[in-house]
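S.K.: 117 is the number that this note's numbering gives to position 78 of the sequence shown; each next residue is one higher, with no gaps.
Note that beta-carbon positions come from the ideal geometry of N, C-alpha and C, so glycine has one too.
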Amino acid sequence: MERTKPEQLLAQAEQLCQQRNVRLTPQRLQVLRLMINQSGAISAYDLLDLLRVSEPQAKPPTVYRALDFLLEQGFIHRVESTNSYVLCHHFEQPSHISALFICDRCGQVMERTSEGIAHNLQQLAQEEGFVLTQSVVEARGVCANCNAVASACSDGC
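(1) Flag this pair as touching only if the segment 145–156 and the segment 89–99 have three or more C-beta atom pairs under 8 Å; answer yes or no.
(2) Cβ atoms of E177 and L139: under 8 Å apart, would you say?
(3) Could you tell me the boundaries of the beta strand (DSSP E) in which C142 lies?
(4) Return the Cβ separation of C56 and L63 in integer angstroms, given the expectation that the two are a contact with Cβ distance under 8 Å.
(5) May I have the straight-line CA-CA distance separating L87 from E166, to the nearest angstrom?
(6) Are the Cβ atoms of C145 and G180 separated by less than 8 Å?
(7) Is it the case that the Cβ atoms of H129 and H135 are separated by a distance below 8 Å?
(8) Short check: CB of A68 to CB of F114, under 8 Å?
(9) If you run the structure through DSSP and keep just helix, strand and coil, what is M40?
(10) I'd like to check one pair, Y124 with A80: are the Cβ atoms closer than 8 Å?
(11) Which residue's Cα is closest to the Cα of Q173: N184, C182, R117?
(12) Does the beta-carbon distance from V102 to L110 come in below 8 Å?
(13) Please name the residue, chosen from Q147, N122, V170, L160, that lies closest to A83 on a Cα-to-Cα basis.
(14) Please name the residue or residues paired with A157 in a DSSP beta bridge.
(15) With a threshold of 16 other CB atoms inside 10 Å of the CB of V148, please say whether the residue is buried or exposed.
(16) Can you check whether the CB of Q112 is closer than 8 Å to the CB of V235?
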């Protein structure tokens, strides 16, 4: 899956915020920039440590407010099972349903969207009279890289 360049994601986020008439403050932008530079999921406190490099006075509420905003705008996802956050690569679809594949070995989180999952969840919700506003499906296992390493090791590490 091809990834969008960090500058393009930031520009896209800024444009979407203008269209939605919401403010992407300098702190929110900085937290988004830190999220974009992560290769996987990150906790709020790890983000706070990174933010303090450029803003030494930053406190936990600063990060949590920024994360809440970024979640609302669909720029990031919360990984419930690990109490962390991961960048969304589908900014233009704020209400999409994502499947997050979480590697139990290296912690990498890969996002995929699926119309089939979305349709099934919408149908199940409708049967219960439930209105979906946001949904993230989490699946745990072993990523291709870790699986390849494990396979290579079983052949003679």
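M.R.: So, from the listed chains and residues:
(1) no
(2) Counting from 1 along the sequence shown, the entry for residue 139 is found at position 100. Counting from 1 along the sequence shown, the entry for residue 177 is found at position 138. In this structure, E177 lies closer than 8 Å to L139 by Cβ.
(3) On the sequence shown, residue 142 is found 103 positions in, with the first residue counted as 1. Where C142 is concerned, the enclosing beta strand (DSSP E) stretches over 137–142.
(4) Translated into the one-based positions of the sequence shown, residue 56 becomes position 17. Translated into the one-based positions of the sequence shown, residue 63 becomes position 24. At roughly 4 Å, the Cβ-Cβ gap stays under 8 Å, so C56 and L63 are in contact.
(5) Working through the sequence shown from its first residue, we reach residue 87 at position 48. Working through the sequence shown from its first residue, we reach residue 166 at position 127. Approximately 41 Å between the Cα atoms of the pair.
(6) In the sequence shown, the residue the question calls residue 145 occupies position 106. In the sequence shown, the residue the question calls residue 180 occupies position 141. No, these two residues do not count as a Cβ contact at 8 Å.
(7) Numbered from 1 along the sequence shown, position 90 holds the residue referred to as residue 129. Numbered from 1 along the sequence shown, position 96 holds the residue referred to as residue 135. Contact flag set, yes.
(8) Counting from 1 along the sequence shown, the entry for residue 68 is found at position 29. Counting from 1 along the sequence shown, the entry for residue 114 is found at position 75. The question names Ala, but residue 68 in the sequence shown is Leu. The answer is no: Cβ separation not under 8 Å.
(9) Residue numbering aside, residue 40 sits at position 1 when the sequence shown is read from its first letter. Confidence at M40 is low in this model, with a pLDDT of 45, below 50, so its placement is unreliable and no value can be given for it.
(10) To locate residue 80, count along the sequence shown from 1; it is residue 41. To locate residue 124, count along the sequence shown from 1; it is residue 85. Cβ atoms of A80 and Y124: closer than 8 Å.
(11) Within the sequence shown, numbered from 1, the residue matching residue 173 stands at position 134. It is R117.
(12) Mapped onto the sequence shown, residue 102 falls at position 63. Mapped onto the sequence shown, residue 110 falls at position 71. No, they are not a contact pair.
(13) Here the question's residue 83 lines up with position 44 in the sequence shown. It is N122 whose Cα lies nearest to the Cα of A83.
(14) The residue you call residue 157 lines up with position 118 of the sequence shown. Paired residues: none, contrary to the question.
(15) The residue you call residue 148 lines up with position 109 of the sequence shown. Under this definition V148 is a buried residue.
(16) For the chain, the structure presents residues 40 to 196; residue 235 sits outside this window and is missing.
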